[in-house]
Each structure stands twice: as C-alpha cells, then as structure tokens.
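Novice: A single structure is presented below for examination.
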Amino acid sequence: MNLSVDEGSLTLITGPSSSGKTTLLYALSGVIPHCVDVESYEGSVEIRGKTVSETSFPELVSEIGIVLQNPTSQIFGMTVEEDIVFGLENLCLERRDMERILEETLGLVGLREHRFDDPNSLSGGERQRTVIGSILAMNPKILFLDEPTSNLDPVGAREVLRTLYRLKEMGKTIILVERKIEHIAPFVDDIIAVDQGRVVFQGSPREFYSDPERIRRLGVNAPQVVLLAHRLRERGIHLEGVPLTLEEFRELYLKYRRSVMS
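Quick note: the sequence shown uses this note's numbering, first residue 6, plus one each step.
So this is what it looks like as structure tokens:
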C-alpha cells in the first residue's frame, strides 16, 4: 500500500470487520513495530520526516498521541485533574506551567466542572474525553484514535466527536478508525478504506460515498442522508452531488424540485 496523510487533516480509516483497520492505525502510529510483535515488518512509515522503524518510540511519542477504544485502559488517576497532568508531571514542568496547560485542556475537552471528580464516576463520553485531555496536555502534533466511541451511547459519542472537531479547527492532524460516522462525516477530509489488509480507496468523503456499490461491497456505515440520496436515485430522482448533512440534502432536493417544475 502507498498512502499519505496531510498535516492538519482529519482522516477516517474505514472498512469491514477484521479488514486491517486497527493494524494500519498501529503501523502508522509506530505501535507496530515498537510495541506489538509482528512476524514480519516490511516497507517504511514516516511521521513528520522521521522513519518509524528507525526512531525510538519515546521520541515518536513526542509527536503523537494514541487513544484506544476503552477509556478505562488509559485512566490511572483518582481525579480528572490527576489524569490530565500525569504526563506533565513526568516532564518535571513547573507547577504554574502545569496549571496553565491543565486549565486550557479542561476547557478544550469540556471537563472544567469535573476537574476533581473520580473518572470512574463519569459517563463513558466524559471518561473518553478525560483520556483525550491527558493526551492533548502533552501537545502532540498527530492524534491517533482507535474507535473512540465504540463503547459509548449516542450522547457520549457525539460529545467525543464534537471534541475531535474542535481539535481539527485548531490544526491538529487526526487519524481515526470509527464506525459512528453520522456526525463526523461532514468534517472528514480524507477516507482510507481497507479490505483484507489492503488499502482499496483513498479520497474525499463525497467521492467515497458517491458509489453505493462500494458501500455495499465493503459493508461500511454511511450517513443516513447518503443512503437516502442513493435510494432516491434508484427511483429516478437524481440529486446533483452527494449530501453529507441534512442541510445539504435539503438544498439539493429543493434544487432538484425547482429543476423539475421549471
């Protein structure tokens, strides 16, 4: 496979179950080969000019942050504050600098009111945002997320995805494996589709979702408005383009109605 991810972009890795999505994420982030044993490792991955296999993982961690599916596996502190400053304390930063970063991070992930709460008393979405906050406090350039909403209810999932949107607005590079794409699809810059360990597509969301056969073949989720647009097309109603939001669908449908009536 041969692919690249632009700095400051939000890239979605999708594909059927057991297709290699998480493996690709781990290879891109350096977890493979540094933290996971593999029988063979071929090819080259570069992160901001550093060849992953030739760079120590501690050095890579200065550039990246990784968020796993289950937030409990990355929570260690007795309070949200302890979790967020954990990495900073290991850098031996002065207290005033840690306090500044802590305040900024709590605001960014929307957890100021939970600063002194036990993470285990929070909702799933709040726990996942605690993990994201602990990673963001280290100021990574690239954020890798492996299905961060897979164990969350719809409210928690929306909270996490809104946080990712804010990070994108800040210029962070985000690469994630995610199934709940309804609320994040409009903000995705690039989609990488994986099937049987191979990259079978890389391009824009509109290009990816424009092919209903590809969606069916890969068995991936698509926004409801995309599925509705394809259903209308099957019935002879051809919209100009693929909508990713309800507002876009409404505009395209009204445009179609006007063209039919004129």
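Glycine included, every Cβ here is placed at the ideal spot set by N, Cα and C.
Bear in mind the structure is a predicted one, so any value in this text is a computation, not a measurement.
Looking at chain C, is there any beta carbon in it that lies within less than 7 Å of the beta carbon of V57?
Specialist: Of the protein chains in this structure there is only one, and it is not chain C.
Novice: Give, in chain order, every unbroken run of the alpha helix (DSSP H) that is at least 4 residues long and sits entirely within the region 57 to 82.
Specialist: 62 to 66
Novice: Can you tell me whether DSSP reads D11 as helix, strand or coil?
Specialist: coil
Novice: Does the Cβ of Q201 have 16 or more other Cβ atoms within 10 Å, making it buried, or fewer, making it exposed?
Specialist: exposed
Novice: Can you give me the start and stop residues for the alpha helix (DSSP H) that V36 sits inside?
Specialist: 36 to 39
Novice: Which one of G20, S61, D102 has the shortest CA to CA distance from V36?
Specialist: S61
Novice: Which partner residues does V182 have in the DSSP bridge list?
Specialist: Residue pairing for V182: DSSP places it in a beta bridge opposite I18, D151.
Novice: Buried or exposed for G48, going by 16 or more other Cβ atoms inside 10 Å?
Specialist: exposed
Novice: Alpha carbon to alpha carbon, what distance is there between I80 and V41?
Specialist: 21 Å
Novice: Using a Cβ-Cβ cutoff of less than 8 Å, which residues in the same chain neighbour R132 once the five nearest sequence positions on both sides are dropped?
Specialist: Spatial neighbours of R132 in its own chain (CB-CB distance under 8 Å, excluding positions within 5 residues in sequence) are listed in chain order as P76, T77, I80, P124, N125.
Novice: Hey, how far is the Cα of L148 from the Cα of L169?
Specialist: If you draw a straight line from the Cα of L148 to the Cα of L169, it is about 10 Å long.
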